[in-house]
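Step one of this worksheet: look at the structure below.
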Amino acid sequence: MAGSVFKQEVIKATERSWEAWVVALGQEVDPLWSHEQIRNHIVEQHQVSGEWGEWIATMYEQLMGRVPVGVTKDAGVQIGVRKTMAVTKESLWDFLTSPEGLSLWIGAVPSLELRVGQEYESKEGVSGKITVVVPYHKLRLTWKRKEWDNPSRLQIYVLSTKTGNTTIAIHQEMLDDVYVREIMRRFWDETLIEIQHQVEAQTVVRFED
């Protein structure tokens, strides 16, 4: 339930391993306590920050059989993010699959042929394989950072809206744990803002030309 990224970060933040946290909380936490009671106990008794009290409580509660937000039986830990932009879906797709666009969500790759079975690895260490390509509509691929234990499954949809804009929908599943889910939520939020900025700027330039 707790992946290597979380285990490394919890040691940095609290100077205690996740395994040690599990032993300590197993002796202290009443199974009937609410999430708030567990979090407050961790913060007050172990002198950790509110943020890390929240994370440790959330991760420990999974060992108690509680299911956090973002976890499903079939897709594991997942995240969904979307954003609507004032561009055509063709413009958005072309940008996403260009070297400039790829650098934002995969990293620096020499080239990436959009075909099923194509493998990739960026200079930043993101790697995977393309499994589905529907031009100007859908990409499905595996996507893994070098520090992750396992690859995730990533789907990207480009959808026209009734108002003439385009929505990009990101769905990522099979993440290691809910801590990584939050990392990816922030990553995709920031990435989609940057994608919107760049693709809309390019559209304005073409229109002015």
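With my numbering as the guide, the letters of the sequence shown map in order to residues 108 to 316. Beta carbons: idealized from backbone N, C-alpha and C, even for Gly. Note that the structure is predicted; figures quoted are calculated from it, not measured.
- In the three-state reduction of the DSSP assignment, Leu221 falls in the coil class, being assigned neither a helical nor a strand state.
- Per the C-alpha coordinates, the member of Leu132, Met166 and Lys269 positioned closest to Gln152 is Leu132.
- Contact annotation: His278 and Val265 have beta-carbon atoms that are not nearer than 8 Å.
- Assigned with DSSP and collapsed to three states, Ile186 falls in strand.
- As the crow flies, the alpha-carbon of Val239 is around 19 Å from that of Thr274.
- Around the beta carbon of Asp283, 16 or more other beta carbons lie within 10 angstroms, which makes this residue buried.
- In the DSSP assignment, Val240 falls outside any alpha helix (DSSP H) and within the unbroken beta strand (DSSP E) covering Ser234 to Val241.
- Taking C-alpha positions only, Gln144 is separated from Val155 by approximately 15 Å.
- Under the DSSP assignment, Gln152 falls in the alpha helix (DSSP H) whose first and last residues are His142 to His153.
- If you compare the alpha carbons of Ser141, Arg173, Leu170 and Lys119 with that of Trp159, the shortest gap goes to Lys119.
- Between Val285 and Pro175 a beta carbon distance of about 5 Å is seen, short of the 8 Å cut, so the two are scored as contacting.
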